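For the sequence shown, the residue numbers in this note's numbering are 9 to 325.
Every residue, glycine too, gets a C-beta built ideally from N, C-alpha and C.
Nothing here was measured: the structure is a model prediction, and the numbers come from that model.
Everything below concerns the one structure shown next.
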Amino acid sequence: MSIPAAYIGVILIWSTTPLAIKWSGEGPGWLFGVSARMALGALACLALVVLLRQRLPFDRGARRTYLAVGLGIFGGMLSVYWAAQFIPSGWISVLFGLNPMVTAVLAAFWLGERSLTPVKLAGMAAGLAGLAIIFARGATAGPGAVWGIAVVCLAVLAHATSAVWVKRLGSGVPALAQTAGGVSVAALLFVLVALVSGHAWPTALPRRALLSIAYLALMGSVVGFICYYYVLKHVEAAKVALVTLITPVLALFLGAGLNGEPVGPEVLAGTGLILAGLALHQWGGLAARRSRRLLRRAEARMIEANETAVKETDRLS
9 MSIPAAYIGV
19 ILIWSTTPLA
29 IKWSGEGPGW
39 LFGVSARMAL
49 GALACLALVV
59 LLRQRLPFDR
69 GARRTYLAVG
79 LGIFGGMLSV
89 YWAAQFIPSG
99 WISVLFGLNP
109 MVTAVLAAFW
119 LGERSLTPVK
129 LAGMAAGLAG
139 LAIIFARGAT
149 AGPGAVWGIA
159 VVCLAVLAHA
169 TSAVWVKRLG
179 SGVPALAQTA
189 GGVSVAALLF
199 VLVALVSGHA
209 WPTALPRRAL
219 LSIAYLALMG
229 SVVGFICYYY
239 VLKHVEAAKV
249 ALVTLITPVL
259 ALFLGAGLNG
269 EPVGPEVLAG
279 TGLILAGLAL
289 HQWGGLAARR
299 SRRLLRRAEA
309 RMIEANETAV
319 KETDRLS
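Right, here's the structure in full:
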């Protein structure tokens with residue numbers, strides 16, 4: 009597989025997912041849209057496990073991992089699909105830019121990681137400022153938008169909690185098996201919720217909703233996963249992290265161009281602050297370390313030059 013093709017594939021899939029989520033719920037309803045996606049995605053992942061002759065562990069550690077992944081997917085997707093009724097699709101992608109920062113906070117308290125450095129905290133502050141601006145814009149759009157933003161933030165928390173939980177378990181389950189098991193758990197939970205809620209299953213599906221569900225199940229849950237882990241294996245982490253900066257911008261303009269979603273100055277300002285905070289969080293520490301190294305080298309050269317000048321003066325005198 010071509011590395012550039014896989015990298016571009018991840019960007020395109022992640023950028024188009026929020027809009028596909030919005031379209032998949034138009035007609036059949038959001039609960040059917042997410043339940044159908046998860047069911048098809050689980051079948052596709054399990055089929056891939058069989059085709060690639062991968063092992064699907066089922067020991068105690070593996071079961072805990074599947075549960076952690078599945079609950080994260082369930083909580084995150086339930087929140088996102090519900091919120092997509094009330095807010096533009098591009099906002100979802102922008103708000104998910106907060107995910108690495110929320111994960112860092114949870115990892116600091118749950119795993120004892122040193123992830124709350126001054127630079128990272130500054131990035132988080134910028135991200136929160138951007139979130140506040142988007143909240144303010146949502147308030148002018150009505151209470152539904154405010155609730156939609158708040159619930160997407162809950163989705164971010166669910167995904168971040170799941171990621172830290174899986175890392176804490178450290179079961180060593182292969183990535184494909186981990187995804188197949190987690191998506192299967194989430195699919196079972198969604199089908200159960202749909203049955204218990206008495207949600208009426210649609211007798212017919214609009215073509216756009218049907219294509220969106222199929223796209224999310226196959227591209228979002230399978231192809232996107234394969235491309236992401238392939239890129240993660242072959243590309244340095246800093247370049248992979250650039251995806252989280254590119255996708256929100258693309259998602260905003262895709263929503264505006266293909267779905268007529270408004271992109272006002274407040275949203276752009278909030279997006280800019282969130283992305284700036286994310287960049288500072290991801291690379292601010294690296295830039296600070298490089299600056300300190302350069303300063304130390306410059307200082308060492310100055311000391312060496314002074315010593316040389318003193319020696320030369322002593323020699324001449």
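Asked	Found
Determine the DSSP secondary structure at Val110, reduced to helix, strand or coil.	helix
Would you kindly work out how many angstroms separate the C-alpha atoms of Ser43 and Arg216, rounded to a whole number?	17 Å
Between the C-alpha atoms of Tyr74 and Arg305, what's the straight-line distance to the nearest angstrom?	49 Å
So within the region 163–227, which uninterrupted alpha helix (DSSP H) runs reach at least 4 residues, ignoring any that extend past its ends?	183–204, 215–223
Have a look at Leu20, Trp22, Ala28, Leu39 and flag the residue whose alpha-carbon is nearest the alpha-carbon of Ala208.	Leu39
Does the beta-carbon distance from Gly232 to Ala166 come in below 7 Å?	no
Tell me the residue span of the alpha helix (DSSP H) that contains Met46.	38–59
Quick check on the DSSP output: the alpha helix (DSSP H) that includes Ile142 runs from which residue to which?	126–149
Leaving aside the five residues before and after Leu162 along the sequence, list all residues of the same chain whose C-beta is less than 6 Å from its C-beta, in chain order.	Ser87
Compute the Euclidean distance between the alpha carbons of Ala136 and Phe117, then round it to the nearest angstrom.	Correcting the residue identity first, residue 136 is Leu in this sequence and not Ala. Those two C-alpha atoms are separated by around 19 Å.
Could you tell me the distance, in whole angstroms, from the CA atom of Glu269 to the CA atom of Ile29?	14 Å
Buried or exposed: which applies to Arg68, given that a residue is buried once 16 or more other Cβ atoms fall within 10 Å of its Cβ?	exposed
Roughly how many angstroms separate the alpha carbons of Val172 and Trp31, rounded to a whole number?	31 Å
Can you give me the C-alpha to C-alpha distance between Val127 and Gly292, rounded to a whole angstrom?	6 Å
Could you have a look at Leu119 and say whether DSSP puts it in helix, strand or coil?	coil
With distances taken Cα to Cα, identify the nearest neighbour of Ser220 among Tyr89, Ile16, Leu79.	Tyr89
DSSP state of Phe66, grouped into three classes?	coil
With burial defined as no fewer than 16 other Cβ atoms inside 10 Å of the residue's Cβ, what is the status of Val58: buried or exposed?	exposed
What span of residues does the alpha helix (DSSP H) with Pro96 cover, start to end?	First-last for Pro96: undefined, no H or E at that position.
Measuring straight from C-alpha to C-alpha, what distance separates Tyr238 and Thr148?	42 Å
Between the region 152–159 and the region 95–103, are three or more C-beta pairs nearer than 8 Å?	yes
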